[in-house]
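Participant: Read top to bottom, the protein sequences are chains A and B. Using numbering that gives the first Met the number 0, read the first sequence as starting at 0 and increasing by one per residue. Using numbering that gives the first Met the number 0, read the second sequence as starting at 0 and increasing by one per residue. Even glycine gets a Cβ: it sits at the ideal position worked out from N, Cα and C. The structure is given below, and queries will be raised subsequently.
Number of protein chains: 2
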Amino acid sequence: MRILGIDPGSKATGYGFIEQCGNRLIHLDNGAIFTHSKDALAVRLQIIYRELCTLIEKYQPEAVAVEQVFMARNPASALKLGHARGIALLAGINAGLPVAEYSALQVKSAVVGYGRAGKNQVQHMTKTLLNLPEIAQEDAADALAVAICHAHSHHLSNKLAAPSQGVRRRQS
Amino acid sequence: MRILGIDPGSKATGYGFIEQCGNRLIHLDNGAIFTHSKDALAVRLQIIYRELCTLIEKYQPEAVAVEQVFMARNPASALKLGHARGIALLAGINAGLPVAEYSALQVKSAVVGYGRAGKNQVQHMTKTLLNLPEIAQEDAADALAVAICHAHSHHLSNKLAAPSQGVRRRQS
Chain A
0 MRILGIDPGS KATGYGFIEQ CGNRLIHLDN GAIFTHSKDA LAVRLQIIYR ELCTLIEKYQ
60 PEAVAVEQVF MARNPASALK LGHARGIALL AGINAGLPVA EYSALQVKSA VVGYGRAGKN
120 QVQHMTKTLL NLPEIAQEDA ADALAVAICH AHSHHLSNKL AAPSQGVRRR QS
Chain B
0 MRILGIDPGS KATGYGFIEQ CGNRLIHLDN GAIFTHSKDA LAVRLQIIYR ELCTLIEKYQ
60 PEAVAVEQVF MARNPASALK LGHARGIALL AGINAGLPVA EYSALQVKSA VVGYGRAGKN
120 QVQHMTKTLL NLPEIAQEDA ADALAVAICH AHSHHLSNKL AAPSQGVRRR QS
């Protein structure tokens, strides 16, 4: 299962591709799409959309996971972030892929084991979990983290759906 | 000049097509794209994007005008609205069209002559200015209003660019 994680942002949109082979996670690529604040908003959104479509075409993921947004921002920041986030969700679904959303709490819990972990801890843990040669850029590390979170959730739901001893579990 | 006006929203995205022939404004179509809150966000955004693309294909506008968003909302509302607004801007620019943005103040001033006009006044004035048989739905009326605002701005800038008596005006 190949997963694209996206951390959308108005200035930089982080992306990370990982492959899940059983319990192993393999890093494929990570980076960030930067846009210029001098460009018109529509142009910036088009750049993000096109780059994500090109990356999806190149790496052929089977699922997309997008980070939900920290809500305690002011309305102006939330609106800007919403634009980029809408584009990320659209790029995934327009490629025919399932799109999952995870809160920052879920992502940090999955990667660091602590929901209130800092940016640095997320960067260090993604490096460790994926055997990266160096620490990824901040937005790219967040994108890898949401991809890892999806891999864990997916793995867990698969295990629940197919219990090894043939016992049917009741899911609440 | 054929103009598509869009009033993006998380529940309903209004659209309005008008044609500007000199000083005359001709109404072509208006309506609203509704999405279901039970659907996943990515699905709802895809519906808005596809509908807008289909309408652009049908009416072949030469410009898109999108309303800017009233800022005094809470961050959660602003974020939701940002998703839909990003999709509207992307639909315009991905069709190769120039995309203009106008504040609610500019739109209301252009249509009603008063920047703090209410929704009802905008609905009534779009009916009058475009000779509509009946008052348009609220979101559709807002979309027609932003299209009218663009037509006025465009007309004005054309007049400024080509003064009738051959006098070169200095533009500040």
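Helix or strand or just coil, what does DSSP make of Ser-152 of chain B?
Facilitator: Helix, per DSSP.
Participant: By Cβ distance below 6 Å, which residues in the same chain neighbour Thr-34 of chain B in space, the five residues on each side in sequence not counted?
Facilitator: Excluding its 5 nearest sequence neighbours in each direction, Thr-34 of chain B has C-beta neighbours in its own chain below 6 Å: Arg-43, Ile-46, listed in chain order.
Participant: Given a threshold of 16 other Cβ atoms within 10 Å of its Cβ, counted over all protein chains shown, does Tyr-101 of chain B qualify as buried or as exposed?
Facilitator: buried
Participant: Strictly below 8 Å CB to CB, what residues from chain B border Arg-1 of chain A?
Facilitator: Here the premise fails: no neighbours, minimum Cβ distance about 18 Å.
Participant: I want to see whether chain A comes within less than 7 Å of Pro-7 of chain B, judged by CB atoms only; does it?
Facilitator: Chain A, which has no Cβ nearer than 7 Å to the Cβ of Pro-7 of chain B, makes this no.
Participant: On the criterion of 16 or more Cβ atoms from any shown chain inside 10 Å, does Gly-95 of chain B qualify as buried, or is it exposed?
Facilitator: exposed
Participant: Restricting to runs no shorter than 4 residues, where is the alpha helix (DSSP H) found entirely within the region 67–148 of chain B?
Facilitator: 74–93, 103–110, 118–128
Participant: Alpha carbon to alpha carbon, what distance is there between Gly-112 of chain A and Lys-37 of chain A?
Facilitator: Near 39 Å, if we compare the C-alpha coordinates of Gly-112 of chain A and Lys-37 of chain A.
Participant: What do you get for Met-57 of chain A, buried or exposed, if any count of 16 or more other CB atoms within 10 angstroms of its CB means buried?
Facilitator: Here the sequence assigns Lys to residue 57 of chain A, which means Met is not the residue at that position. Flag for Lys-57 of chain A reads exposed.
Participant: At the level of alpha carbons, what is the spacing between Ile-28 of chain B and Met-0 of chain B?
Facilitator: In the sequence as displayed, the identity of residue 28 of chain B is Asp instead of Ile. So the alpha carbons of these two residues sit roughly 15 Å apart.
Participant: With distance defined between alpha-carbon atoms, name the residue in B:Gln-105, B:Leu-104, B:Gln-67, B:Lys-107 nearest to Leu-88 of chain B.
Facilitator: B:Gln-67
Participant: For Leu-104 of chain A, which residues from the same chain have a beta carbon less than 6 Å from its beta carbon, with the 5 sequence-adjacent residues on both sides left out?
Facilitator: Non-local beta-carbon contacts of Leu-104 of chain A in its own chain, meaning distances under 6 Å to residues more than five positions away in sequence, involve Gly-114 in chain order.
Participant: Alpha carbons only, please: which of B:Gly-8, B:Tyr-14, B:Lys-10 is nearest the one belonging to Ala-142 of chain B?
Facilitator: For the residues B:Gly-8, B:Tyr-14, B:Lys-10, the minimum Cα distance to Ala-142 of chain B belongs to B:Tyr-14.
Participant: For Lys-107 of chain A and Ala-144 of chain A, what's the separation of their Cα atoms in angstroms?
Facilitator: A direct Cα-Cα distance of roughly 7 Å separates Lys-107 of chain A from Ala-144 of chain A.
Participant: Going along chain A in order, which residues have a C-beta closer than 8 Å to the C-beta of Val-68 of chain B?
Facilitator: Leu-78
Participant: If you drop the 5 nearest sequence neighbours on each side, which residues of the same chain put their C-beta closer than 8 Å to that of Glu-133 of chain A?
Facilitator: Lys-126
Participant: Mind checking who Ile-25 of chain B pairs with in its DSSP beta bridge?
Facilitator: B:Glu-18
Participant: Closer than 8 Å between beta carbons: that is the criterion. Which residues of the region 78–100 of chain A meet it against chain B?
Facilitator: Leu-78, Lys-79, Leu-80, Gly-81, His-82, Ala-83, Arg-84, Gly-85, Ile-86, Leu-88, Leu-89, Gly-91, Ile-92, Asn-93, Val-98, Glu-100
Participant: What does Val-145 of chain B reach in chain A if we use C-beta pairs closer than 8 Å?
Facilitator: Those do not exist, as Val-145 of chain B stays about 15 Å from chain A at its closest Cβ, beyond 8 Å.
Participant: Reducing DSSP to helix, strand and coil, say where Ala-39 of chain A ends up.
Facilitator: coil
Participant: List the residues of chain A that Gly-48 of chain B touches, going by C-beta distances under 8 Å, in chain order.
Facilitator: A small fix is needed here, since residue 48 of chain B is Tyr in this sequence, not Gly. Near Tyr-48 of chain B (Cβ distances below 8 Å), the residues of chain A are Leu-89, Asn-93.
Participant: Quick check on DSSP: helix, strand or coil for Thr-12 of chain A?
Facilitator: strand
Participant: Measuring alpha carbon to alpha carbon, tell me which residue in B:Ala-109, B:Val-110, B:Ile-5 is nearest Leu-54 of chain B.
Facilitator: B:Ile-5
Participant: Given a cut-off of 7 Å on the beta-carbon distance, is the pair Ile-25 of chain B and Glu-50 of chain B in contact?
Facilitator: no
Participant: Can you tell me the Cβ-Cβ gap for Gly-8 of chain B and Ala-83 of chain B, rounded? I've got them flagged as a contact below 8 Å.
Facilitator: A Cβ-Cβ distance of about 6 Å is found for the pair Gly-8 of chain B and Ala-83 of chain B, placing them in contact under the 8 Å criterion.
Participant: Opposite Ile-32 of chain B in the DSSP bridges: which residues?
Facilitator: B:Thr-12
Participant: Please tell me whether Ala-139 of chain B and Leu-78 of chain A are closer than 7 Å, where the distance is taken between their beta carbons.
Facilitator: no
Participant: Answer with yes or no whether the minimum CB distance from Pro-60 of chain B to chain A is below 7 Å.
Facilitator: no
Participant: If you count every other CB in all the chains shown that lies within 10 Å of the CB of Asp-20 of chain B, and 16 or more means buried, which is it?
Facilitator: Inspection of the sequence shows that residue 20 of chain B is occupied by Cys rather than by Asp. It is exposed - the Cβ of Cys-20 of chain B has fewer than 16 other Cβ atoms within 10 Å.
Participant: Output the distance between the C-alpha atoms of Ala-116 of chain A and Ile-17 of chain A, rounded to the nearest integer angstrom.
Facilitator: So the two alpha carbons sit approximately 22 Å from each other.
Participant: To which residues of the same chain is Ala-93 of chain A closer than 8 Å at the C-beta, ignoring the five residues directly before and after it?
Facilitator: It is Asn, not Ala, that sits at residue 93 of chain A in the sequence shown. Excluding residues within five positions, the ones whose Cβ falls inside 8 Å are Cys-52.
Participant: Closer than 8 Å by beta-carbon distance: list the chain B residues that pair up with Gly-44 of chain A, in chain order.
Facilitator: Gly is not the amino acid found at residue 44 of chain A; the sequence shown has Leu there. Under the 8 Å cutoff, chain B gives Gly-85, Leu-88, Leu-89, Ile-92.
Participant: At 8 Å on the CB atoms, spell out the chain A contacts of Leu-40 of chain B, in chain order.
Facilitator: Neighbours of Leu-40 of chain B on chain A, chain order: Leu-88, Glu-100.
Participant: Which residues, in order along the region 21–39 of chain B, keep a beta-carbon less than 8 Å from a beta-carbon of chain A?
Facilitator: When CB distances to chain A are screened at a threshold of 8 Å, the residues of the region 21–39 of chain B falling below it are Ala-39, in chain order.
Participant: If you draw a straight line from the C-alpha of Asn-130 of chain A to the C-alpha of Ala-99 of chain A, how long is it?
Facilitator: 25 Å
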